[in-house]
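Heads up, the thing below is written out as structure tokens.
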Amino acid sequence: MDGTTEAPGEDWGPFGRPLFEDPSARALSRVGVVDVGSNSVRMVVFDGAARSPAYFFNEKVMCGLGQGLSTTGRLNPKGSERAMAALKRFALLAEGMKMAPLTCVATAAVREAEDGAEFQAEVLRETGLRLHVIDGEEEARLSAQGVLLGWPEAEGLVCDIGGSSMELAEVANGSIGRRVTSPLGPFRLQQVEGGQKALKAHIAAIMSGLKAQIGRQHDRIYLVGGSWRAIARLDMERRSYPMTVLHEYRMTPASLLETVDWIAENDLAVLRARTGTSAERMDLVPLASQVLAELIRTFRPKELDISSYGIREGLLYEQMPDRLRRRDPLIEACRFAEATQARLPGFGRRLYDFLLPIFAKAPPERLRIVKAACLLHDTSWRTHPDYRAEACFDNVTRANLGGLGHPDRIFLGLALLHRYKNSRAGSRMEPMFALLPPDDLRDAEILGKAMRFGAMFSIQSPDEAGSLKLYPKKKLLELVLNPADEALFGEVAAARFASLATAMGVTTKVRSAGAS
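If you're matching positions, the sequence shown starts at 733 in this note's numbering and goes up one per residue.
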């Protein structure tokens, strides 16, 4: 994934044709969805770049609609009251935002409760919201689409756990394969009788059946759902991991099994306080942990990744034209940020063209980050100069960006830090720097200092004012100036060019075009 996918005949260089101004993309610029789950009811309004939207509004109420469902066969009465109150609020909020009708889905609790249809009718009558009750396989499909929104190249198994059910779906090559559903939600498991031994046997038997239906050959499992996110946050706490961004947090099976044991050995109230997890969510963590441990033992993945994207994002993905789905979510988000926040929208592309000779031998995945950095290099210009460098780092490492793993977040953030500051020594961000190997730290510094030079060398078109040539064997970086623009290479430009060369470990040469 390098952000270059285009229809035949379109040649807009490495950045491709902007899509967020296209009418079909602008139609998705603000989309509202409501997810009525067994545990929570949430409204999300997406806004911004259609391929990588920001969360304009995001509110969740832990209603517990499915609490006790397996015993009574009915929705939890208190949960129904809370859900109805939340949905009335959401309907009024959508009206206040002057939005098109909300897309509303309901999952396991409403579809399985004997009074689910009655609740559905009451919601329509009281709020005007039409709940679309989806079956387990459709729930699995939408969750998988949510993963594809953030990971267009995702390949493996999507596992979405809710309060009353757990779904699995295969993803590969941008498509969704087999899908299965199961009663492995914590609310269901609370009703299993016979103690821990019976519970463990119950989970193992269901998991074995899932393996028979969907196969075991899946190296990567993408975890979707609040209970998985809570466990991942606890894994971070146990490991003293320096970031708390959950999306694309990657874990090994061994680490997760250690965390499951660690959760069982510790006071949940203490863990909840340390991680900021809600009491309602933490109550479900022990049961979800047992399901996760059995998932690992049954499917034996090599890696488990957290996805903050699920059904709600899958509903947005559903509305995207295919050509938009194929776009790189990171590059699209960065382009939108440049268009709305930079002083000179469009400059990032020219800066990339100017700096490309330095990175000519970089692999596509690194060039993708170089593109993103060039697009973002000026989006924090309004920040006070004393804080601009670290604000850039903060913005990238904590932003809601798809298609960006944690090491790439830190690399991109560090490059932007060096765009505004020569040294990173003494930064409060240093614990995060340790997640990158030394070579990547050096490369991020080079990229930052290259942008620092290129961005001030010419305020309009550095690629027209001069060109860079790198001679790796000679360890020489040459700047060839356009004769008409020689005056642009002043004292400050020369100092920044020298700083870039020092970071690269090369000598420099500056000459006018045509001169030897």
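Each residue gets a CB set at the ideal place from its N, CA and C atoms; glycine is no exception.
Just to confirm my understanding: we take residue i, look at its own chain, exclude 5 residues before and 5 after, and list those with CB closer than 8 Å. What are they?
{"i": "Asp743", "result": "Note that Asp743 has pLDDT 35, beneath the 50 cutoff, so the model's placement of it is unreliable and no number is given."}
{"i": "Leu889", "result": "Leu900, Ala901, Glu902, Val903, Ile946, His950, Arg952, Ile953, Tyr954, Phe1031 and Pro1033"}
Residue i lies in the alpha helix (DSSP H); which residues open and close that run?
{"i": "His1150", "result": "His1138 to Tyr1152"}
{"i": "Leu801", "result": "Leu801 to Thr804"}
{"i": "Glu969", "result": "Gly958 to Arg971"}
{"i": "Val1224", "result": "Glu1223 to Met1236"}
{"i": "Gly878", "result": "Gly868 to Gly882"}
{"i": "Leu1179", "result": "Pro1170 to Phe1189"}
{"i": "Ile935", "result": "Gly927 to Ile946"}
{"i": "Ser987", "result": "Pro985 to Glu997"}
{"i": "Asp1195", "result": "Pro1194 to Ala1197"}
{"i": "Val1128", "result": "Arg1120 to Arg1130"}
{"i": "Leu1133", "result": "Neither: Leu1133 is in no alpha helix (DSSP H) and is coded neither H nor E."}
{"i": "Arg1160", "result": "Premise fails: Arg1160 is in no alpha helix (DSSP H) and is neither H nor E."}
{"i": "Ile1101", "result": "Pro1096 to Leu1108"}
{"i": "Arg920", "result": "Pro918 to Leu921"}
Would you kindly work out how many angstroms separate the C-alpha atoms of residue i and residue j, rounded to a whole number?
{"i": "Leu861", "j": "Asp1118", "result": "49 Å"}
{"i": "Glu990", "j": "Gly1186", "result": "47 Å"}
{"i": "Gly741", "j": "Arg1055", "result": "Because the pLDDT at Gly741 is just 36, under 50, the model does not fix this residue reliably, and the point stays unresolved."}
{"i": "Glu980", "j": "Leu1213", "result": "43 Å"}
{"i": "Met816", "j": "Ala876", "result": "28 Å"}
{"i": "Thr1172", "j": "Arg910", "result": "First, the amino acid is wrong: residue 1172 is Asp here, not Thr. Their backbone Cα atoms lie some 38 Å apart in a straight line."}
{"i": "Pro1061", "j": "Ile908", "result": "19 Å"}
{"i": "Ala840", "j": "Gln799", "result": "12 Å"}
{"i": "Glu858", "j": "Lys820", "result": "7 Å"}
{"i": "Phe851", "j": "Met939", "result": "31 Å"}
{"i": "Met1052", "j": "Gly1046", "result": "10 Å"}
{"i": "Lys1207", "j": "Glu1196", "result": "24 Å"}
{"i": "Leu1003", "j": "Ala1011", "result": "11 Å"}
{"i": "Pro918", "j": "Ser802", "result": "11 Å"}
{"i": "Ala872", "j": "Glu844", "result": "16 Å"}
{"i": "Ser1112", "j": "Glu869", "result": "43 Å"}
{"i": "Ala832", "j": "Val765", "result": "10 Å"}
{"i": "Lys1093", "j": "Lys1205", "result": "13 Å"}
{"i": "Phe788", "j": "Leu1202", "result": "44 Å"}
{"i": "Ala986", "j": "Gly1145", "result": "29 Å"}
{"i": "Ser770", "j": "Leu797", "result": "5 Å"}
{"i": "Gly941", "j": "Ile935", "result": "10 Å"}
{"i": "Ala1025", "j": "Arg965", "result": "16 Å"}
{"i": "Gly805", "j": "Gln923", "result": "12 Å"}
{"i": "Glu813", "j": "Val842", "result": "14 Å"}
{"i": "Glu1223", "j": "Ala1233", "result": "15 Å"}
{"i": "Phe1229", "j": "Arg982", "result": "38 Å"}
For residue i, which of the options has the nearest alpha-carbon?
{"i": "Gly1135", "options": "Val879, Leu1048, Val1224 and Asp999", "result": "Val879"}
{"i": "Val1128", "options": "His1109, Arg1114 and Glu1035", "result": "His1109"}
{"i": "Arg1160", "options": "Pro974, Met1236 and Pro918", "result": "Pro974"}
{"i": "Val1242", "options": "Leu1211, Gly1222 and Arg920", "result": "Leu1211"}
{"i": "Gly882", "options": "Ile938, Val956 and Lys929", "result": "Val956"}
{"i": "Ala1245", "options": "Arg1228, Gln928 and Leu1200", "result": "Leu1200"}
{"i": "Ala1105", "options": "Arg1114, Ala1092, Ala1219 and Ala1065", "result": "Ala1065"}
{"i": "Gly1198", "options": "Ala1074, Arg1184 and Glu1218", "result": "Glu1218"}
{"i": "Arg1184", "options": "Leu1087, Glu1097, Val992 and Leu1027", "result": "Leu1087"}
{"i": "Ser914", "options": "Pro1170, Gly895, Val992 and Glu1162", "result": "Gly895"}
{"i": "Ile1090", "options": "Ala872, Lys1103 and Gly769", "result": "Lys1103"}
{"i": "Pro1139", "options": "Phe1165, Thr1115 and Arg1151", "result": "Phe1165"}
{"i": "Arg1013", "options": "Leu1000, Ser1231, Gln1022 and Val992", "result": "Leu1000"}
{"i": "Gln1192", "options": "Phe1221, Leu1076, Ala1235 and Gly1158", "result": "Leu1076"}
{"i": "Thr835", "options": "Pro1194, Leu856, Gly848 and Asp847", "result": "Leu856"}
{"i": "Asp767", "options": "Met794, Val837, Asn808 and Asn790", "result": "Val837"}
{"i": "Val773", "options": "Arg970, Pro1095 and Ile1043", "result": "Ile1043"}
{"i": "Arg1067", "options": "Arg762, Val763, Arg783 and Val776", "result": "Arg783"}
{"i": "Glu885", "options": "Asn905, Met898 and Leu874", "result": "Asn905"}
{"i": "Lys932", "options": "Arg1006, Glu854 and Val1023", "result": "Val1023"}
Can you name, in chain order, every residue of its own chain whose Cβ lies under 6 Å from the Cβ of residue i, other than the five neighbours on each side?
{"i": "Ser959", "result": "Ile893, Leu1016 and Ala1020"}
{"i": "Ala1225", "result": "Phe1189"}
{"i": "Met1040", "result": "The residue you asked about is not Met; residue 1040 is Ser in the sequence shown. Closer than 6 Å at the Cβ level, and outside the excluded window around Ser1040, lie Leu978 and His979."}
{"i": "Ile1178", "result": "Ala1235 and Met1236"}
Would you mind reading off the limits of the beta strand (DSSP E) that contains residue i?
{"i": "Ala838", "result": "Thr835 to Ala838"}
{"i": "Val1242", "result": "Thr1239 to Ser1244"}
{"i": "Val890", "result": "Gly888 to Ile893"}
{"i": "Ala849", "result": "Careful: Ala849 lies outside any beta strand (DSSP E), inside the alpha helix (DSSP H) at Gly848 to Thr859."}
{"i": "Val912", "result": "Ser907 to Ser914"}
{"i": "Glu902", "result": "Met898 to Ala904"}
{"i": "Asp951", "result": "Neither: Asp951 is in no beta strand (DSSP E) and is coded neither H nor E."}
Here's a check: name, in chain order, each residue in its chain whose Cβ is nearer than 7 Å to the Cβ of residue i, leaving out the five neighbours to either side.
{"i": "Leu1149", "result": "Ala1121, Glu1122, Cys1124, Phe1125, Arg1156 and Gly1180"}
{"i": "Phe1143", "result": "Ile1101, Leu1168, Asp1172 and Ala1176"}
{"i": "Pro785", "result": "Phe778, Asp779 and Leu1048"}
{"i": "Gly927", "result": "none"}
Write down every uninterrupted run of the beta strand (DSSP E) in the region 1006-1084 whose length is 3 residues or greater and which is fully enclosed by it, in chain order. Segments of the beta strand (DSSP E) lying fully in the region 1006-1084: 1035-1039.
Notebook entry, point to check: Can you list, in chain order, the stretches of the beta strand (DSSP E) that have 3 or more residues and sit fully within the region 772-826?
Noted result: The qualifying runs are 773-779 and 786-793.
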